[in-house]
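All letters in the sequence shown, in the order written, are residues 1 to 364 by full-length UniProt numbering. Yeah, the Cβ is synthetic: ideal placement off N, Cα and C, and Gly gets one too. Structure record follows, encoded as structure tokens.
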Amino acid sequence: MDYKIGVIAGDGIGPEITDAAWTVMTKVAQKFGHHFERTDILMGGCSIDATGEPLTDDAIASAKAQDAVLMGSIGGNTSTSPWYKLPPDKRPEAGLLKLRKSLGLFANLRPAYLYPQLKESCPLKEATADKGFDLIMVRELTGGLYFGKRHTESYNGVLQATDTLTYNENEIRRVAVKAFDIARKRRKKVTSVDKANVLDSSRLWRKVVEEVWADYPDVELEHMLVDNCAMQLVRDPAQFDVILTENMFGDILSDEAAMITGSLGMLSSASLNETKFGLYEPSGGSAPDIAGQDIANPIATILSAAMLLRYSLDLDDEADAVENAVTKVLEDGIRTRDILPREGADKMTIVGCKAMGQAVADRI
Ligand code: NAD
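Now the structure itself:
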């Protein structure tokens, strides 16, 4: 089959990690008889340098014409880069916010999986790490506190700031549907996280999630308060399969879930809209401190490409092949510097970004 894939290489390590992932995609195409047509799209600091804008209308139109978009990362050193002297709406990150909005990407998926080969990086108790965990966070991405009305006023010389948290039932329903659909492809359990003991928006969240659940009798649903979820993630993450939550809670909990794997360079993510279209990117940033040195870990981007195959192109066997190849690379003791074990590093084969991409491709 022919598929159109946009590639936003972006800034910093972005071009290196997307090229490594593309090596893997090319091997998938060869092995499974597909054709992936690559279209490069400018966004972030590189787009500011070329056009004066972090994301042009042409770039948005180009992204919309693809079946899916694979992204590296955008942004530079926030203290030293001239991009951060620009007004906020002209900075690299404004491009990403605009793209998410233009494409209607309302569901953010972030898997947190503890590879047995990397379990010593897990900062949790040994017994907890031994048990392992494999969860996916489904975060609402375009509503709630980050998109509500806000203002700062002065009352008698005292500054007061207000942010508002609003959700309508349609926004909750569509992200809940995504979470239940994903649970059906996994271990069939959704934990919906809210603060329903305090917030009206959370009470509506709970009501709508229950309504959606009625169509998924084969999936188990539990509700959990966000403060409890934050504790349970470090106490016993193995209890979770799919965690569904709103924007701000998801922002915080997905970073916590990432941290307990201990390996930022391994974590993929996807942002989806109502169609099959998605934007796929590693959870880390553009790592300007190591850019251009061929030492970045491309595995998170490679695993993001696997998610692209699974969720946008419905190519489950191809996605499995990529994920299995990553596991095989780890079993074979091949590591980038950031995922070296504390003990036994001398027994590992240390590779750079490009060679890691090739090592994964070779195992497809
Ligand atoms: P960062 O994630 O880029 O880097 C944090 C640390 O992790 C650094 O030491 C870096 O070297 C390391 N690291 C990150 N990815 C790695 C990889 N693949 N392999 C090996 N090591 C890796 O976070 P930061 O330094 O806070 O941010 C740098 C820039 O990235 C900022 O401009 C920030 O706004 C941007 N950023 C972009 C995205 C995105 O594109 N979605 C996300 C987060 C941050």
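Asked	Found
Examine the ligand NAD and report whether any of its heavy atoms sits within less than 7 Å of the Cβ of residue 419.	Outside the modelled stretch of the chain, which goes from 1 to 364, sits residue 419, for which no answer is possible.
Looking at C-alpha atoms only, which residue of N108, K90 and T51 is the closest neighbour of K274?	What sits at residue 274 in the sequence shown is Glu, not Lys. Minimum Cα distance to E274 is reached at N108.
Counting C-beta neighbours from all protein chains within 10 Å, is the total for K178 16 or more, i.e. buried, or is it exposed?	buried
What does the alpha-carbon distance come out to for the pair residue 368 and L199?	Given a span of 1 to 364 for the chain in the structure shown, any question on residue 368 remains unanswerable.
Quick check on the burial criterion: 16 or more other C-beta atoms within 10 angstroms. Buried or exposed for Y155?	exposed
For T23 and E16, I'd like the C-alpha separation in whole angstroms.	11 Å
Go to K4, then tell me how far its beta strand (DSSP E) extends in each direction, as first and last residue.	D2 to G10
Buried or exposed: where does A321 fall if 16 or more other Cβ atoms within 10 Å of its Cβ makes it buried?	buried
Go ahead and label A127 buried or exposed: buried means 16 or more other beta carbons lie within 10 angstroms of its beta carbon, across all protein chains shown.	exposed
Check whether the segment 258 to 278 touches the segment 157 to 173, counting contact only when three or more Cβ pairs, one atom from each stretch, lie closer than 8 Å.	no
For T78, is the beta carbon positioned less than 7 Å from some heavy atom of the ligand NAD?	yes
Is any heavy atom of the ligand NAD found at a distance shorter than 7 Å from the C-beta of P288?	yes
Going by DSSP in three states, R337 sits in which element: helix, strand or coil?	helix
Figure out for me which residue from V193, G12, D317 and D289 has the closest Cα to the Cα of M137.	V193
Considering only the beta carbon of each residue, do V219 and F277 sit closer than 8 Å?	no
Quick one: what does DSSP say T166 is sitting in, helix, strand or coil?	coil
Note down the Cα distance separating D227 from S202, rounded to an integer number of angstroms.	13 Å
Which of the three DSSP states, helix, strand or coil, is assigned to F147?	helix
So, does the CB of T164 fall closer than 8 Å to a CB anywhere in chain D?	Reference to chain D is not applicable here, since this structure consists of a single protein chain.
At which residues does the beta strand (DSSP E) containing S201 begin and terminate?	Not the beta strand (DSSP E): S201 falls in the alpha helix (DSSP H), residues D200 to W213.
Which same chain residues, not among the five before or five after E120, have their C-beta less than 7 Å away from its C-beta?	P341 and R342
Less than 8 Å between the CB atoms is what I'm expecting for M43 and G76, so what's the real figure, rounded?	Not really, about 13 Å apart at Cβ, beyond 8 Å.
Considering only residues of the same chain and omitting the five flanking positions on each side of T142, which have a CB-CB separation below 8 Å?	R100, K101, G104, L105, F106, E171 and N247
For my contact list, A161 and F133 are in at a C-beta cut-off of 8 Å; report their separation, rounded to the angstrom.	Contact flag wrong, Cβ pair sits at about 37 Å.
Any idea which residues DSSP pairs S154 with across the strands?	L159
Taking C-alpha atoms, which residue in R187, E210 and K4 lies nearest to R174?	E210
Return the CA-CA distance between K31 and A50, expressed in angstroms with no decimal places.	37 Å
Please determine whether the Cβ atom of E93 lies at a distance below 7 Å from any heavy atom of the ligand NAD.	yes
With 16 other CB atoms within 10 Å as the buried threshold, where does Q66 fall?	buried
Is M71 closer than 8 Å to Y280 when the C-beta atoms are compared?	yes
Is DSSP giving V193 helix, strand or coil here?	strand
Cβ atoms of L114 and A94: under 8 Å apart, would you say?	no
Starting from F36, follow its DSSP beta bridges and name the residues at the other end.	Y3
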